[in-house]
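Peer 1:
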Amino acid sequence: MYIAALTEPGKQHHNRSNHLVFVLLNAESHGLTRIQPEPYTCDCGEKLTAEVLDEGDESKSSWPNCKSWRNGGRKKCPTCDEYPSIGRDQHIRARGYEPTPKDDIKNVTQHQREEALEEHDGQCIACSNEAEYVKRMVPPRYGGSRELKNLAPLCDHHYEDYGHMFADLLQPAEWYQIHGISWRDVAESMRDQYADQGADSFVETLDELLDRGRPQNPYPYIDA
Ligand SMILES: [Zn+2]
Ligand SMILES: [Zn+2]
464 MYIAALTEPG KQHHNRSNHL VFVLLNAESH GLTRIQPEPY TCDCGEKLTA EVLDEGDESK
524 SSWPNCKSWR NGGRKKCPTC DEYPSIGRDQ HIRARGYEPT PKDDIKNVTQ HQREEALEEH
584 DGQCIACSNE AEYVKRMVPP RYGGSRELKN LAPLCDHHYE DYGHMFADLL QPAEWYQIHG
644 ISWRDVAESM RDQYADQGAD SFVETLDELL DRGRPQNPYP YIDA
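The numbering used here puts the first residue of the sequence shown at 464, with every later residue one more than the last.
(1) Starting from the C-beta of Y684, find all residues in its chain whose C-beta is less than 7 Å away, skip the five residues before and the five after it, and write them out in chain order.
(2) If you run the structure through DSSP and keep just helix, strand and coil, what is L495?
(3) Run the CB neighbour count on Q679, radius 10 Å, all protein chains shown included, and call it buried at 16 or more, exposed below.
(4) Taking 8 Å as the cut-off, is the CB of H482 close to at least one heavy atom of ligand 2?
(5) Does the beta carbon of A579 fall short of 8 Å from some heavy atom of ligand 2?
(6) With DSSP run on the structure shown, which of helix, strand or coil describes R677?
(7) Residues bridged to Y503 by DSSP?
(8) So, does the stretch 472-488 touch the stretch 630-645, judging by three or more C-beta pairs under 8 Å?
(9) For C540, I'd like the list of residues in its chain whose CB is within less than 7 Å of its CB, leaving aside the five on either flank, ordered along the chain.
(10) Could you give the residue range of the beta strand (DSSP E) that holds R599?
(11) Can you find a heavy atom of ligand 2 that lies under 8 Å from the Cβ of L614?
(12) Given this structure, state the Cα-to-Cα distance separating Y465 from L516, to the nearest angstrom.
(13) Please state whether DSSP places P616 in a helix, a strand or coil.
(14) As a quick check of your reading: which residues have a C-beta less than 5 Å from at least one non-hydrogen atom of ligand 1, in chain order?
(15) Is the number of C-beta pairs between the stretch 601-615 and the stretch 552-571 that are closer than 8 Å three or more?
(16) Quick one: Cα of G550 to Cα of R537, how far?
(17) If you reduce the DSSP assignment to three classes, tell me which class A579 lands in.
Written out as structure tokens, the structure is:
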């Protein structure tokens with residue numbers, strides 16, 4: 464279920480600056496399959512954990528005058544001395560999601576697009592301006608469905624000028640992938656909002672998660 468759109472400012476993901484974050488409850492219901500995040504595997508068989516890649520940095524001929532992999536530099540395997548090319552599926556598994564094979568991805572149809580726009584009165588879900596685009600909240604490469612609940616109408620600005628991400632309010636660890644937005648702040652404000660609406664079981668679930676505190680960062684390449 465979609466509950467809010469937040470903005471992550473700044474250039475955090477080596478691509479565009481500013482991301483629109485779709486906050487969801489239970490992203491599995493949008494088609495996502497979660498797995499234990501996996502480190503990349505080199506062609507030579509070496510598991511490229513963060514520690515192994517640090518070693519790889521030090522084995523670069525221009526080290527330390529070159530970029531570390533942690534700052535977007537190339538990842539070097541110290542075992543075979545190569546710069547492995549990391550495929551799409553490995554990137555997706557490192558994020559903790561089961562990839563959907565490219566050939567299995569189907570486009571959103573014109574009819575589904577129109578239904579999504581109608582559902583939201585033709586308005587962008589981030590700003591209420593007129594929506595011209597429809598974006599999947601959970602992207603198809605992660606299994607994001609074409610169902611109405613996974614389709615976000617967006618205006619030109621929120622489609623063109625932002626990257627797009629999602630984060631599940633019930634998965635605090637997932638928020639290590641988001642920068643500059645605190646899971647705790649969002650969860651507390653949602654809990655208060657839902658308490659006012661009398662949604663008791665949801666408030667209880669959030670209270671439990673808040674009590675449990677922040678889990679360890681499960682991602683091999685994302686700094687806490
Ligand atoms: Zn290797
Ligand atoms: Zn907008």
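For every residue, glycine included, the Cβ atom is placed at its ideal position computed from N, Cα and C.
It should be emphasised that the depicted structure is a prediction, and the values quoted were computed from it without experimental measurement.
Peer 2: Short version:
(1) Here residue 684 refers to the residue found at position 221 when the sequence shown is read from its first residue. Hits under 7 Å: A513, A557.
(2) In the sequence shown, residue 495 corresponds to position 32, counting from 1. L495 carries a coil assignment under DSSP once its states are collapsed to helix, strand and coil.
(3) As a working note, residue 679 is residue 216 in the sequence shown. Exposed.
(4) Against the sequence shown, residue 482 aligns to sequence position 19. Outside the cutoff, so no.
(5) Looking up residue 579 in the sequence shown gives position 116. Flag unset: Cβ of A579 not near ligand 2.
(6) Taking the sequence shown and counting its residues from 1, the one referred to as residue 677 is at position 214. DSSP, read as helix, strand or coil, puts R677 in coil.
(7) On the sequence shown, residue 503 is found 40 positions in, with the first residue counted as 1. Answer is L511.
(8) Touching, yes.
(9) Taking the first residue of the sequence shown as 1, we reach residue 540 at position 77. Taking C540 as the centre and dropping the five residues before and after it, the same chain places the C-beta of C505, C507, E509, L511, G519, P547 closer than 7 Å to its C-beta, in chain order.
(10) Counted from its first residue, the sequence shown places residue 599 at position 136. Element bounds for R599: 596-599.
(11) The residue labelled residue 614 in the question sits at position 151 within the sequence shown. No heavy atom of ligand 2 is found nearer than 8 Å to the CB of L614.
(12) Position 2 of the sequence shown, counting from 1, holds the residue named residue 465. Position 53 of the sequence shown, counting from 1, holds the residue named residue 516. Their backbone Cα atoms lie some 37 Å apart in a straight line.
(13) In the sequence shown, the residue the question calls residue 616 occupies position 153. The DSSP-derived three-state label of P616 is strand.
(14) Qualifying residues come out as C505, C507, E509, C540, T542, C543.
(15) Yes, they touch.
(16) By one-based count along the sequence shown, residue 550 stands at place 87. By one-based count along the sequence shown, residue 537 stands at place 74. The straight-line gap from Cα to Cα measures roughly 14 Å.
(17) By 1-based counting over the sequence shown, the position of residue 579 is 116. Secondary structure at A579: helix, using DSSP grouped into helix, strand and coil.
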